[in-house]
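Counted from 1, the sequence shown has number 283 at position 284 by numbering that gives the first Met the number 0; the numbering is strictly sequential.
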Amino acid sequence: MNFTSLEFLFFFCLVFLVYWNLPDALKKYFLILSSAFFYAVSSWKFLFHLIVVVSINWMFIRFFLAKKWFLPVSIGFNVLNLAFFKYFYFFADLVGIFLGIPEFQNKISLDGILSKSLDWVGFEVILPLTISYYTFQFISLLVDKKKGVITEKIGYWKLTSYIFLFPVMIAGPILRFNDVATQFDSPKMEKEDMVDGLWLVVIGLFKKSIVSVLMSGSIFQVFAETSAFSGAALLSTVYFFAIYLYLDFSGLTDLARGMGKLLGFTLPQNFRAPFFFNGFGDFWRRWHLTFSFWIRDYLYIPLGGSRSGTLRTCFNYLVAFGLGGLWHGANLNYLLWGVLTGLYLSIERVLNDWNVKILPEIPYVKRIITYLFVLNIYSISWVLFFTPDFGSAVAAVQRIFVWANGVSFPNMEPCIFALLVAILFHSAEEWPEKFKVRFKWKVVLLPIVWILVLLALPSGNADFFYGQF
């Protein structure tokens, strides 16, 4: 079920009504059952897979927590689970290239070979729903429990509640166990929470189902045939794609946080005016916060963080963000994007640690030049997200730098509107005290905004771009 579909709206309303009419002791189990139904609608095989993975992780925690091998084995299990389902064809392709076996480089051929070898008609490795997100949540739980960050006993149903919670498992935010553990026992929702939750949901719908859908018609035309468009059109596309990603992803997060509020949960913020940054590092302290903090706490710091000098810190950036890039998908484009991100952060770190001054300390001038440089570097690197392979990405970037002739950017107006909307929401995230609305006006305006958004919703259900990760 798509979060923006009528089917999901009916499902959530039913869950909401039953949930709040149950005693607290039963709410947790009903939420597990509702989440299981949500996943089963997509695939009952995935639901079975998720139950198995939850059960194995619970057994690790219940019976082997004190063992010295607990972390490497339990984390290894979750990484292998992710690697098999998400990177099977990626690794097969690498093996095919290395050994010169072209059949391994073609998914259909490889599936045919394995179907015949295993006597399994129609063999195919299918990516389970939410596997990237629940893997991160399991790893953080295992590490925090072993280190004593989590002190409470983790029962089977508490673990299942944490992993199954359906509002967050499509594309985050990535939860830590301590974020929500106590909220399962006695969820509460005051009038203010309900109003705030409904506002978050309608804002998420507006961002995703109206504004980003309006601009997608323009930018996806360029994605489909980058070689036909001019350098100016491609440069416009990378800028607008950055806005599209923000609206798509933060819209989904708003929906998840809003539904969480309506079910009695306070979920972590995932965006804080990301394009109001003042450097590479500051961008990652604002964009996809739960992912950035996960990379920091469970990859970057265990690698040594910044404790062993500047050069080792740079190496840690490259490894952490390289793996973070691969987390997005089994594609060399994502790996390169992650390595480039680590490289940008490394260069910024070197300049700061070694006190290298490139720009003069003239008021506003340094800030403006730095901003434009970082914006262009990050935006152009996102070419790797919407091109099918490295060669296509390089060709698109080349067309930008040589300012190639070609087709102009199609239909600029929706994208300019999206830019203005993004600036408005960025301002509200950056200076929340200046955009604070009295509760009375929130209540008065809420039904009006809901009616306007529902009337403006286009037909059909657009997928979330970040849902693919």
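Beta carbons are placed, not taken as given, at the ideal position from N, Cα and C, and that holds for glycine.
None of these values were measured; they are calculated from a predicted model.
Cross-strand partners of residue i (DSSP beta bridge)
i    : result
F228 : V406
Among the options, the one whose alpha carbon lies nearest that of residue i
i    : options                   : result
L317 : R285, W336 and Y245       : W336
L140 : Y245, G324 and D178       : D178
A455 : V401, F83, I209 and F97   : I209
V349 : R366, Y18 and F279        : F279
I107 : D118, E123 and N354       : E123
F483 : S4, L126, R256 and G321   : Since the first and last residues shown for the chain are 0 and 468, residue 483 lies out of range.
G203 : V221, D253 and M168       : D253
L79  : M411, Y333, W326 and L21  : W326
G196 : I450, L261 and W119       : L261
Q220 : F7, N410 and N20          : N410
G324 : T312, S307 and L342       : L342
Y297 : I399, W43, F137 and V194  : F137
S131 : V355, I169, K145 and L98  : I169
W286 : L322, M258 and I242       : I242
W353 : R366, A392, I447 and C313 : C313
K157 : F434, P22 and K27         : K27
W449 : W198, F176 and W293       : W198
Q182 : K67, T265, G250 and P273  : T265
F290 : L128, V443, L322 and S307 : L322
V167 : F2, V436, Y333 and V393   : F2
L273 : W68, S426, P101 and K67   : The residue asked about is misnamed: residue 273 is Pro in this sequence, not Leu. Out of W68, S426, P101 and K67, S426 has the C-alpha closest to the C-alpha of P273.
Separation of residue j from residue i, as counted between CA atoms
i    : j    : result
L339 : S33  : 41 Å
N77  : G154 : 19 Å
Q104 : G121 : 18 Å
L288 : P172 : 8 Å
E151 : S185 : 16 Å
A223 : F240 : 14 Å
A35  : T309 : 47 Å
S345 : F372 : 16 Å
Y161 : L5   : 26 Å
M214 : N404 : 23 Å
V420 : N269 : 18 Å
I357 : S305 : 23 Å
G75  : M58  : 15 Å
A395 : F389 : 10 Å
P362 : I368 : 11 Å
L8   : A65  : 44 Å
R284 : F275 : 11 Å
F248 : K207 : 8 Å
Q397 : L233 : 10 Å
T236 : A82  : 32 Å
F384 : L331 : 11 Å
E360 : N277 : 15 Å
L374 : A255 : 28 Å
V17  : F400 : 58 Å
V94  : S380 : 27 Å
A469 : D23  : Nothing can be reported for residue 469: it is not among the residues displayed for the chain, which extend from 0 to 468.
V194 : K365 : 42 Å
F97  : P413 : 46 Å
I60  : S116 : 37 Å
L423 : I447 : 19 Å
G216 : V443 : 34 Å
S41  : L128 : 8 Å
T386 : T225 : 8 Å
Chain-order list of residues whose beta-carbon lies under 6 Å from that of residue i (same chain, five-residue window excluded)
i    : result
K187 : G263
N315 : Y299, L302 and G303
F205 : V452
I91  : Looking at the sequence itself, residue 91 is Ala, so the reference to Ile does not match. Counting only Cβ-Cβ distances below 6 Å, and skipping sequence neighbours, we find F103 and L109.
W402 : G230
Y238 : S378
A329 : K85, Y86 and F89
T159 : I31 and V53
A39  : L46
Y133 : I162
F320 : G337, T340 and G341
N56  : F137
R175 : S139
W293 : F135 and I173
Neighbourhood of residue i by C-beta, 7 Å cutoff - its chain only, sequence neighbours within 5 removed
i    : result
V14  : S33
E191 : F438
F29  : V17, Y18 and L21
8 Å CB neighbourhood of residue i in its chain, flanking five on each side removed
i    : result
A227 : G405 and V406
E432 : none
Scan the segment 287-318 and note each continuous beta strand (DSSP E) run of 3 residues or more that stays entirely inside, going in chain order. Runs of beta strand (DSSP E) with 3 or more residues, each lying fully within the segment 287-318, are absent.
Which full runs of the alpha helix (DSSP H) of 4+ residues lie inside the segment 352-417, going along the chain? Complete alpha helix (DSSP H) runs here, min 4: 364-380, 382-385 and 389-400.
In the segment 54-107, which residue ranges form an unbroken alpha helix (DSSP H) of at least 4 residues, counting only runs that do not cross its ends? Runs of the alpha helix (DSSP H) inside the segment 54-107: 69-98.
Quick check for students: name the residue ranges of the beta strand (DSSP E) that lie wholly in the segment 133-161, counting only runs of 3 or more. Every candidate beta strand (DSSP E) stretch fails here, since none sits fully inside the segment 133-161 while reaching 3 residues.
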